[in-house]
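Worksheet: the structure to be examined is printed underneath.
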Amino acid sequence: MSVTRPAAVAGMFYPDNPATLKRTIAELLSHASAGVGTRPPKALIVPHAGYVYSGAVAASAYARLGEQRARIRRVVLLGPTHRVYVRGLALPDADCFASPLGDIPLDRAGMQRLSALPQVTVSAAAHQMEHSLEVQLPFLQQALDDFQLLPLAVGEATPEEVAEVLEAVWGGDETLIVISSDLSHFLPDAVARKVDGATVEAILALNPQLDHEQACGATPVNGLLLAARRHGLQPVVLDVRNSSDTAGDPERVVGYAAFAFQDPAAAAQPEADDKGSVLLKLARSGIASALGQTGTFDAQHAWLQAPGASFVTLTLQGELRGCIGTLEAHRPLGVDVRENAVAAAFRDPRFAPLSRAEFDAIRVEVSLLSPAEPMRAASEQEALAGLRPHVDGVVFEFGHYRSTFLPQVWEQLPDPVEFLAQLKRKAGLSMNFWDEGVRLSRYSVSKWKETVA
6 MSVTRPAAVA
16 GMFYPDNPAT
26 LKRTIAELLS
36 HASAGVGTRP
46 PKALIVPHAG
56 YVYSGAVAAS
66 AYARLGEQRA
76 RIRRVVLLGP
86 THRVYVRGLA
96 LPDADCFASP
106 LGDIPLDRAG
116 MQRLSALPQV
126 TVSAAAHQME
136 HSLEVQLPFL
146 QQALDDFQLL
156 PLAVGEATPE
166 EVAEVLEAVW
176 GGDETLIVIS
186 SDLSHFLPDA
196 VARKVDGATV
206 EAILALNPQL
216 DHEQACGATP
226 VNGLLLAARR
236 HGLQPVVLDV
246 RNSSDTAGDP
256 ERVVGYAAFA
266 FQDPAAAAQP
276 EADDKGSVLL
286 KLARSGIASA
296 LGQTGTFDAQ
306 HAWLQAPGAS
316 FVTLTLQGEL
326 RGCIGTLEAH
336 RPLGVDVREN
346 AVAAAFRDPR
356 FAPLSRAEFD
366 AIRVEVSLLS
376 PAEPMRAASE
386 QEALAGLRPH
396 VDGVVFEFGH
406 YRSTFLPQVW
416 EQLPDPVEFL
426 AQLKRKAGLS
436 MNFWDEGVRL
446 SRYSVSKWKE
456 TVA
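Residue numbers in the sequence shown follow the working numbering, run continuously in steps of one, and reach 458 at the last position.
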């Protein structure tokens with residue numbers, strides 16, 4: 006008789022209505038970068054708080070699975086035990102795990118193989134109310150096609166014991182490893198950011214010596230770091246926040262981060278440099294076509310059909326000659342780049358339309374924008390403190406006033422005070438203006454610029 010572990014925290018950590026849950030996850034994933042041009046992840050570290058707190062951070066990792074959704078057939082999921090003591094790692098006494106989105110079959114063959122290891126036990130109690138594993142299931146169901154799950158509730162164990170378990174079920178491209186862990190707990194916001202920053206650095210250095218003050222899932226994380234070293238995986242940090250960035254008390258925050266672990270030998274999809282070359286050719290081709298020149302560039306790549314937001318910047322002898330873009334992805338990326346290039350050349354109100362005589366002398370730069378995320382700032386001082394020079398592109402909004410600076414503008418305005426003042430001026434307001442109705446958001450860019458011939 007088949008045994009199903011029912012959902013225990015649906016309606017608390019995430020919506021229990023299937024339609025609402027699907028919409029929630031789809032929205033979270035839509036605001037996360039899919040990481041086009043990156044190598045597919047072999048493993049992920051994701052947080053496990055309620056979706057209102059850490060859902061966006063988790064989504065930054067699950068969005069990376071788009072290219073692999075049909076290839077991944079098994080997910081090995083490890084998370085710390087919060088309610089039941091376990092010596093070692095505990096398998097469930099079940100055949101399926103349920104979520105509001107349906108049942109997920111367990112990898113019984115893999116579980117049988119692991120049960121031979123001395124540090125692995127079976128405990129229905131350890132899994133019964135454990136949220137660290139359950140909150141990952143709806144994300145996995147949305148991000149992947151059909152797959153089997155191999156869940157382990159991790160208690161008191163050494164990094165070597167966890168790594169041995171991972172090694173036994175490492176598999177190939179069909180297997181994804183997911184480690185569920187939050188970072189620091191209940192520290193003031195400023196202290197937490199410092200502590201979590203050190204934890205992020207340790208993870209990026211593959212240092213398997215985290216303690217539970219740094220991460221509640223330190224035990225499975227340490228095991229993954231040890232295994233990643235042995236397999237030559239490279240960690241990449243995708244997002245770092247804490248609960249005060251979303252809905253929490255800034256005096257008692259919980260830290261969240263997402264990481265992808267990639268095999269440097271795996272093929273990227275596509276290589277970032279190749280992508281940049283295509284986008285630059287598309288932009289120049291669009292301008293050439295508008296000037297009536299022949300021999301335009303026609304690229305046929307699937308990733309160009311995905312929605313994307315871009316800016317196209319033109320320079321002439323080192324001086325700005327035009328810059329137009331879109332802040333939100335509302336049309337295919339290829340179309341967006343081509344249209345923005347034509348607009349930068351002929352419809353930037355600051356400049357006369359580009360002439361044929363200038364065409365060969367201009368240099369084209371294409372910036373691909375990540376989805377913008379709101380900045381929480383109760384005052385201008387908080388806004389200035391939150392800006393990340395040379396990293397953030399910033400959108401300023403107040404009523405019908407709106408402006409943006411790409412991260413490249415930090416090269417001319419490295420002082421956050423001057424940066425924000427000029428951003429307000431660009432919006433048509435006084436450089437000293439501030440109001441509680443001001444809204445700021447930030448984004449990052451990947452950018453490519455034509456080289457001088």
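C-beta: ideal position from N, C-alpha, C; glycine also. All figures in this text were calculated on a predicted structure; none of them were measured in a lab.
Please look up how many angstroms separate the CB atoms of residue 88 and residue 135, rounded, as I've assumed it's under 8 Å.
The Cβ separation is near 7 Å, so the contact holds.
In chain order, what residues of the same chain have a beta carbon less than 8 Å from the beta carbon of residue 449, not counting five sequence neighbours either side?
374, 375, 396, 397, 398, 412
Is the separation between the beta-carbon of residue 84 and that of residue 53 shorter than 8 Å?
yes
Could you compute how far the alpha carbon of residue 337 sits from the alpha carbon of residue 94?
46 Å
Neighbour-count burial assignment, residue 74, 16 or more Cβ in a 10 Å radius
Here residue 74 is exposed. Its C-beta has fewer than 16 other C-beta atoms within 10 Å.
Out of 370, 390, 427, 215, which one is the CA nearest neighbour of residue 282?
370
Where do the N-terminal and C-terminal ends of the beta strand (DSSP E) with residue 240 fall, by residue?
239-247
Among 116, 86, 78, 106, whose alpha-carbon lies nearest the alpha-carbon of residue 16?
106
CB contact flag (residue 434, residue 403, <8 Å)
yes
Using the C-alpha atoms, what's the distance from residue 343 back to residue 57?
Each residue's alpha carbon lies about 37 Å from the other.
Short check: CB of residue 189 to CB of residue 201, under 8 Å?
Contact flag set, yes.
For a quick check, are the C-beta atoms of residue 78 and residue 144 less than 8 Å apart?
no
Pick from 334, 393, 155 that is closest to residue 114, judged by C-alpha positions:
Per the Cα distances, 155.
Taking its Cβ as the centre, do 16 or more other Cβ atoms sit within 10 Å of residue 429, making it buried, or is it exposed?
buried
Decide if residue 169 is buried, meaning its Cβ has at least 16 other Cβ atoms within 10 Å, or exposed.
buried
Assuming residue 206 is part of the alpha helix (DSSP H), what are its boundary residues?
194-209
According to DSSP, what are the bridge partners of residue 101?
As DSSP reads the structure, residue 101 sits in a beta bridge with 9, 110.
Residue 417 versus residue 322: straight-line alpha-carbon distance, rounded:
16 Å
Excluding sequence positions up to five away, which residues of its chain have a Cβ less than 7 Å from the Cβ of residue 361?
296
Start-to-end residues for the alpha helix (DSSP H) that takes in residue 56
56-67
Measure the Cβ-Cβ separation of residue 64 and residue 26 and say whether it is below 8 Å.
No.
Using CA coordinates, which residue listed in 408, 268, 264 is at the minimum distance from residue 328?
408
Spatial distance of residue 111 from residue 82 (CA atoms)
11 Å
Quick check on DSSP: helix, strand or coil for residue 453?
strand
Neighbour-count burial assignment, residue 46, 16 or more Cβ in a 10 Å radius:
buried
CB-CB under 7 Å to residue 333, same chain, minus the five flanking residues each way: which ones, in chain order?
314
Simplified DSSP state of residue 190, which is helix, strand or coil
strand
Span of the beta strand (DSSP E), counted from its first residue to its last, around residue 434
Taken as a continuous stretch (DSSP letters only), residue 434 belongs to no beta strand (DSSP E), as it is neither H nor E.
Bridge partner(s) assigned by DSSP for residue 329:
317
Buried or exposed: residue 384, going by 16 or more other Cβ atoms within 10 Å of its Cβ?
Residue 384 should be labelled exposed.
If we count the other Cβ atoms within 10 Å of its Cβ and call it buried at 16 or more, is residue 326 buried or exposed?
buried
Same chain, Cβ closer than 7 Å to residue 415, five either side skipped, listed in chain order
394, 395, 424
Around the Cβ of residue 482, are there at least 16 other Cβ atoms within 10 angstroms (buried) or fewer (exposed)?
Here the chain has residues from 6 to 458 only, and residue 482 is not among them.
Just the C-alpha distance for residue 437 and residue 426, rounded to the nearest angstrom, thanks.
7 Å
Can you tell me which of 339, 11, 146 puts its alpha carbon nearest to the alpha carbon of residue 98?
Nearest C-alpha to residue 98: 11.
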